[in-house]
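Enquirer: Take any residue in the sequence shown, count from 1 to its spot, add 2: that is its number in the working numbering.
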Amino acid sequence: MISPRKSKSWMCVVGLMLAAGGGMKAQNAGTAVTAGPMPVDPQIVAALKQVSAERIQANIDKLVSFGTRSTISAQDDASIVAGRGIGAAREWIKAEFERYSKDCGGCLEVKTDSFTQQPADRIPQPTVITNVYAVLKGSDPENAKRIVLVTGHYDSRNSDTLNITDDAPGANDDGSGTAVSLECARVLSKMKFPATIVFLTVAGEEQGLNGSHHFAEMAKQQGWDVEAVLNNDIVGGDKSAEQDHAVVRVFSEGLPAAATDQDIRRIRSLGGENDSPSRELARYIYDVGGSYDAGAKPTLVFRLDRYLRGGDHYSFNQEGFAAVRFTEYREDFHHQHQNVRTENGIEYGDLSKFVDFDYVADVARLNAGTLASLASAPAPPANVHLLTKNLENDSTMTWDASPGGRATEYEILWRATTSPEWEYVQKVGVVTRATVKVSKDNVIFGVRAVDAQGHRSLPVVPSPEH
3 MISPRKSKSW
13 MCVVGLMLAA
23 GGGMKAQNAG
33 TAVTAGPMPV
43 DPQIVAALKQ
53 VSAERIQANI
63 DKLVSFGTRS
73 TISAQDDASI
83 VAGRGIGAAR
93 EWIKAEFERY
103 SKDCGGCLEV
113 KTDSFTQQPA
123 DRIPQPTVIT
133 NVYAVLKGSD
143 PENAKRIVLV
153 TGHYDSRNSD
163 TLNITDDAPG
173 ANDDGSGTAV
183 SLECARVLSK
193 MKFPATIVFL
203 TVAGEEQGLN
213 GSHHFAEMAK
223 QQGWDVEAVL
233 NNDIVGGDKS
243 AEQDHAVVRV
253 FSEGLPAAAT
263 DQDIRRIRSL
273 GGENDSPSRE
283 LARYIYDVGG
293 SYDAGAKPTL
303 VFRLDRYLRG
313 GDHYSFNQEG
323 FAAVRFTEYR
333 EDFHHQHQNV
343 RTENGIEYGD
353 LSKFVDFDYV
363 ADVARLNAGT
373 LASLASAPAP
383 PANVHLLTKN
393 LENDSTMTWD
403 ASPGGRATEY
413 EILWRATTSP
423 EWEYVQKVGV
433 VTRATVKVSK
443 DNVIFGVRAV
453 DAQGHRSLPV
463 VPSPEH
């Protein structure tokens with residue numbers, strides 16, 4: 003895991019090393035600077051202040067009140083009226099999104115994505131699964147095609163995945179993630195962004211990522227330009243004594259799940275195992291955490307997910323989208339996938355009383371800050387290449403202009419091949435070709451677009467052009 007932020011003393015050591023004439027900056031004196039946090043947008047700061055722990059608590063308590071939200075639980079009209087089961091939860095989430103839309107003058111398009119899942123290991127009979135989502139359409143016609151997305155799963159389970167009789171409160175897993183998606187929608191719907199934001203809640207996660215798989219497949223088939231997916235699953239900050247409430251883990255895949263054999267050979271030959279689009283998204287989240295005081299700082303875990311576990315971000319990874327998972331620092335497994343009970347003095351069950359609602363609010367701020375920053379930024383440059391035709395110590399990169407016309411300059415980033423974070427940045431102006439006096443053999447490069455207000459796109463690692 004990567005620490006939330008490098009210490010000042012470490013940076014001083016690096017500075018002394020560079021001043022002594024070694025390293026990358028000495029090759030490029032006067033043109034590159036140490037990479038740092040992104041500029042702060044006052045409108046985003048104001049929006050993050052509106053995130054409410056009280057509102058989040060009310061939403062999680064409401065989700066718990068449905069008794070069970072098992073994907074295979076009741077969803078008939080009578081159960082919905084009675085307020086029990088996955089159907090009642092679905093209708094309430096939809097009504098919440100519609101209420102937020104009414105508050106912003108109809109700015110959200112509230113939609114459902116329903117399908118029938120055929121029998122499988124955890125689905126004994128054909129079952130209707132419904133994803134509920136709200137779309138905040140981008141204000142710029144060209145950039146509105148770009149989508150950033152936040153999601154959590156609203157289904158729950160107890161000790162037996164097929165048990166729909168006993169309660170499965172699912173306060174943390176994943177009432178917390180659903181509450182993050184809802185709160186981001188409530189807060190960000192009051193703003194306008196050039197790009198589109200989708201606030202998603204999925205079902206079927208506990209049965210096998212069914213809902214997210216269907217949604218990601220739909221997005222791929224319909225040609226959605228999804229730049230980033232933020233999956234929040236178990237972000238309740240369980241109140242165990244060993245919990246660290248100052249950080250939230252961000253998991254990201256290395257070799258992309260959608261990579262072809264040719265892609266994998268190229269990645270291995272270039273040492274690019276640490277530079278999947280999902281890893282660049284994770285680094286972006288890290289920068290947001292350093293710029294905006296969200297409360298919970300992102301700790302990057304360069305791994306797809308935890309051992310023996312999985313999550314909805316993987317469904318999007320499989321379709322080739324950049325997607326990461328947010329999860330609390332230390333999980334208490336007594337409070338996950340357990341029937342509510344007390345045995346030998348130990349309380350089991352995923353109850354609201356174990357959730358730290360202030361922590362969930364901090365995670366929501368980090369998500370909202372990331373969504374707002376990406377939706378405000380220009381599109382990443384396209385077709386980024388590193389020229390490798392000649393033996394030379396300088397490095398030349400080319401790219402196509404950022405689509406959508408919002409970029410006012412471009413920046414080249416680089417870092418040592420062993421560094422988890424971008425270390426240096428050089429502004430190169432409004433160009434589509436630039437040379438830096440840094441050997442391509444020693445570093446990893448990235449190129450990003452920047453707008454007039456300093457909003458940064460996701461960086462793109464160049465492919466070699468022979």
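Beta carbons are placed, not taken as given, at the ideal position from N, Cα and C, and that holds for glycine.
1) By Cβ distance, which residues of its chain are closer than 7 Å to D246, with the 5 residues on each side in sequence left out?
2) Within a Cβ cutoff of 6 Å, which residues of the same chain sit near V463, ignoring the five residues on either side of it in sequence?
3) Does the count of Cβ pairs from the segment 122-139 and the segment 189-207 closer than 8 Å reach three?
4) Let me know if Y316 comes out buried or exposed under the rule of 16 or more other beta-carbons within 10 Å of its beta-carbon.
5) I'd like to check one pair, G313 with D235: are the Cβ atoms closer than 8 Å?
6) With distances taken from CA atoms, which of T73, G273 and S254 is nearest Q320?
7) Using the rule of at least 16 other Cβ atoms within 10 Å of the residue's Cβ for burial, across every protein chain shown, is G107 buried or exposed?
8) What is the rounded straight-line gap between the Cα of P383 and the Cα of S404?
9) Suppose the cutoff is 6 Å on Cβ atoms and the five residues either side in sequence are ignored; what does the same chain contact list for A377 look like?
10) What separation, rounded to the nearest whole angstrom, lies between the Cα atoms of L257 and E275?
11) Using three-state DSSP, classify M399 as helix, strand or coil.
12) Under 8 Å by Cβ, that's how I've got Y361 and A298 pegged, so tell me the actual separation to the nearest angstrom.
13) Taking all protein chains shown into account, do 16 or more other C-beta atoms lie within 10 angstroms of the C-beta of T180, making it buried, or fewer, making it exposed?
14) In whole angstroms, give me the CA-to-CA distance for Q479 and N346.
15) Would you call the CB atoms of G85 and A76 closer than 8 Å?
16) Using a Cβ-Cβ cut-off of 7 Å (strictly less than) and excluding sequence neighbours within five positions of D358, which residues of its own chain qualify?
17) Using the C-alpha atoms, what's the distance from V228 back to T434?
18) Flag this pair as yes or no: are the beta carbons of A173 and D352 separated by less than 8 Å?
19) With a floor of 4 residues, list each alpha helix (DSSP H) that falls wholly inside the segment 29-61, ordered by position along the chain.
20) What number of angstroms, rounded off, separates the C-alpha of S354 from the C-alpha of L65?
21) Quick one: what does DSSP say F356 is sitting in, helix, strand or coil?
22) Less than 8 Å between the CB atoms is what I'm expecting for A409 and V445, so what's the real figure, rounded?
Expert: Answer, in terms of the structure:
1) Here residue 246 refers to the residue found at position 244 when the sequence shown is read from its first residue. Only Y331 and R332 meet the Cβ criterion.
2) Numbered from 1 along the sequence shown, position 461 holds the residue referred to as residue 463. Excluding positions up to five away in sequence, the list reads D277 and G448.
3) yes
4) Taking the first residue of the sequence shown as position 1, residue 316 is located at position 314. Counting Cβ neighbours within 10 Å, Y316 comes out buried, since at least 16 surround it.
5) Looking up residue 235 in the sequence shown gives position 233. Looking up residue 313 in the sequence shown gives position 311. Cβ distance < 8 Å, so D235 and G313 count as in contact.
6) Translated into the one-based positions of the sequence shown, residue 320 becomes position 318. Per the Cα distances, S254.
7) Residue numbering aside, residue 107 sits at position 105 when the sequence shown is read from its first letter. With fewer than 16 other Cβ atoms within 10 Å, it is exposed.
8) As a position in the sequence shown, residue 383 is number 381, starting the count at 1. As a position in the sequence shown, residue 404 is number 402, starting the count at 1. Rounded to the nearest angstrom, the two C-alpha atoms are 4 Å apart.
9) Residue numbering aside, residue 377 sits at position 375 when the sequence shown is read from its first letter. Cβ within range, chain order: V150, F195, A197 and I199.
10) For the purposes of this step, residue 257 is taken as residue 255 along the sequence shown, with counting starting at 1. For the purposes of this step, residue 275 is taken as residue 273 along the sequence shown, with counting starting at 1. Distance between the alpha carbons of L257 and E275: 6 Å.
11) Position 397 of the sequence shown holds residue 399. Strand at M399.
12) One-based indexing of the sequence shown puts residue 361 at position 359. One-based indexing of the sequence shown puts residue 298 at position 296. Taking 8 Å as the upper bound for CB-CB distance, Y361 and A298 are in contact here, some 6 Å apart.
13) In the sequence shown, counting from the first residue as 1, residue 180 sits at position 178. With 16 or more Cβ atoms within 10 Å of its Cβ, T180 is classed as buried.
14) There is no way to answer for residue 479, as the model of the chain reaches only from 3 to 468.
15) Locating residue 85 in the sequence shown gives position 83, counting from the first residue. Locating residue 76 in the sequence shown gives position 74, counting from the first residue. No; because the gap between Cβ atoms is not below 8 Å, this pair is not in contact.
16) If you number the sequence shown from 1, residue 358 lands on position 356. Contacts found: G238, G239, K241 and H247.
17) Residue mapping note: residue 434 aligns to position 432 of the sequence shown, counting from 1. Residue mapping note: residue 228 aligns to position 226 of the sequence shown, counting from 1. Each residue's Cα considered, the two are about 24 Å apart.
18) Reading the sequence shown from its first residue, position 171 is the one you call residue 173. Reading the sequence shown from its first residue, position 350 is the one you call residue 352. Yes; because the gap between Cβ atoms is below 8 Å, this pair is in contact.
19) 44-50
20) Within the sequence shown, numbered from 1, the residue matching residue 354 stands at position 352. Within the sequence shown, numbered from 1, the residue matching residue 65 stands at position 63. Distance between the alpha carbons of S354 and L65: 10 Å.
21) Taking the first residue of the sequence shown as 1, we reach residue 356 at position 354. Looking at F356 - three-state DSSP - the assignment turns out to be helix.
22) For the purposes of this step, residue 409 is taken as residue 407 along the sequence shown, with counting starting at 1. For the purposes of this step, residue 445 is taken as residue 443 along the sequence shown, with counting starting at 1. Incorrect: roughly 23 Å between the Cβ atoms, too far for contact.
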